[in-house]
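This is the structure we're talking about:
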């Protein structure tokens, strides 16, 4: 048996110490059994250990550790880890049991298993990647197979694969994420190539993991497929770029293209500015429905005339702008002549709905820092054409 000094020391431990004889009767138990199990020492002494703990094996090789449960005074059960040793290795007169509560560990382990199962069944991609000493996935949920066609093992075994299948335009976004150069509070949208060669939009919610020194060491997060959302956004964006009456590009799209040509895309540029003459008088005389027919009729004529490298937009109620990229002055002049001839031809066969356009054109070898000036020149030339017509009346 334990001496009283050692016994008192055990009272402060989180382990319950028990000695049983060969008949499995409890001959000693540390006093802390009351705080941990709810029993006093007197309630347990000379009681059979199997009345409280199940699963103690027979004919075991000592020492051994097992997991079991113990019945508490309240009637509930506690998960425990038991270390079993011999009291006397010579005569095997009994066993010593050191019992520790592992309920929290079991609960955590069960929760971890549930969480892992949830990750395994999740349609989104759940992942963790280490960044030190190098980029390396340490976990990816099986859902990646359905979303990108690759198995988790392929991504984990090949750390370069993510960089090989990311869209070239999104590679910088991916690098910013792993280089701690992005706002992790915001979702990160990136395109990755599926094994079938089609790109998939993924929206990534990423949690950065930092070392005690503040260095980014890992990333954890989940990515969901937002391809359909992106396709819908693109459709809505396209709808916002078209004029509802004519299906030509509208002023919003025109301004976007002008900004691109003015700042990024440098090319030779031709502008043809058209204004539908006397639209207000037509509306007043015949009604807006007739005026709308005239606008649509004019739009169809422009679509037939300008095709190659052309942006045809309705910039106002009765105004149209045609931007011709990668063109020459001769080509713009020829297109102007073609438009004038097309109007004459159309009016010859449809006298009930005649088109009268005031037209101006201009040209520049470059577009950057120049296109707005070119548009203004075409606008002024259109105004001159309109004034010329008024003088002929």
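Residue numbers (the UniProt record's numbering): 1 to 393. The beta-carbon is built from N, C-alpha and C at its ideal position, and this holds for glycine as well.
CB-CB length for residue i against residue j, believed under 8 Å
i           : j           : result
residue 354 : residue 296 : Contact doesn't hold; Cβ gap of about 14 Å is too wide.
residue 26  : residue 16  : Incorrect: roughly 11 Å between the Cβ atoms, too far for contact.
residue 102 : residue 80  : 6 Å
residue 125 : residue 143 : 5 Å
residue 199 : residue 192 : 7 Å
residue 178 : residue 219 : 7 Å
residue 367 : residue 327 : Between residue 327 and residue 367 the Cβ distance is about 11 Å, and since that is not below 8 Å, they are no contact.
residue 357 : residue 276 : 6 Å
residue 315 : residue 251 : 5 Å
residue 93  : residue 23  : About 11 Å; that fails the 8 Å criterion.
Local conformation of residue i per DSSP, three classes
i           : result
residue 57  : coil
residue 69  : strand
residue 290 : helix
residue 200 : strand
residue 368 : coil
residue 2   : Summary for residue 2: the model assigns pLDDT 48, below 50, so the residue's position carries little reliability; its value from the coordinates is reported in the next sentence. Note: residue 2 maps to coil in three-state DSSP.
residue 390 : helix
residue 62  : coil
residue 299 : helix
residue 45  : coil
residue 92  : coil
residue 103 : helix
residue 27  : strand
residue 21  : strand
residue 74  : coil
residue 80  : strand
residue 269 : strand
residue 305 : helix
Per-residue burial, residue i [other beta carbons within 10 Å of its own, 16 or more giving buried]
i           : result
residue 11  : At residue 11 the pLDDT is 45, less than 50, meaning the model places this residue with poor confidence and gives no usable figure here.
residue 4   : For residue 4, the pLDDT reaches just 45, beneath the cut-off of 50, and the residue's location in the model is therefore unreliable, although a value from the coordinates is still provided. Flag for residue 4 reads exposed.
residue 9   : The pLDDT assigned to residue 9 is 47, lower than 50, so where the model puts this residue is not dependable, and the model offers no usable value.
residue 313 : buried
residue 340 : exposed
residue 282 : buried
residue 44  : buried
residue 40  : exposed
residue 318 : buried
Indicate whether the contact test is met: 3 or more Cβ pairs, each with one atom in the segment 378-387 and one in the segment 355-367, closer than 8 Å. Remark: three or more beta-carbon pairs, one from each stretch, lie closer than 8 Å, so the segment 378-387 and the segment 355-367 are flagged as touching.
Within the chosen definition, does the segment 234-245 reach the segment 158-165 through at least 3 CB pairs nearer than 8 Å?
Taking 8 Å as the limit for Cβ pairs, the verdict is that the segment 158-165 does not touch the segment 234-245.
query = Hey, is the segment 253-261 in contact with the segment 217-235, meaning 3+ C-beta pairs nearer than 8 Å?
reply = In short, these stretches do not touch, since the Cβ pair count stays below three.
Can you give, in chain order, each stretch of the alpha helix (DSSP H) that sits fully within the UniProt domain "PAS" (111-185) and has at least 4 residues? Within the UniProt domain "PAS" (111-185), the complete alpha helix (DSSP H) runs of at least 4 residues are 144-148, 152-157, 161-165 and 171-178.
- prompt: At a cut of 8 Å, does the segment 321-330 reach the segment 292-310 through at least three beta carbon pairs?
  reply: Because the criterion of three Cβ pairs below 8 Å is met, the segment 321-330 and the segment 292-310 touch.
Practice prompt. Only counting runs of 3 or more residues, tell me where the beta strand (DSSP E) segments fall wholly within the segment 210-262, in order along the chain.
Written response: Listed in chain order, the complete beta strand (DSSP E) runs (minimum 3 residues) inside the segment 210-262 are 216-225.
At 4 residues or longer, what runs of the alpha helix (DSSP H) sit wholly inside the segment 307-380? With a minimum length of 4 residues, the continuous alpha helix (DSSP H) runs that stay inside the segment 307-380 are 329-349.
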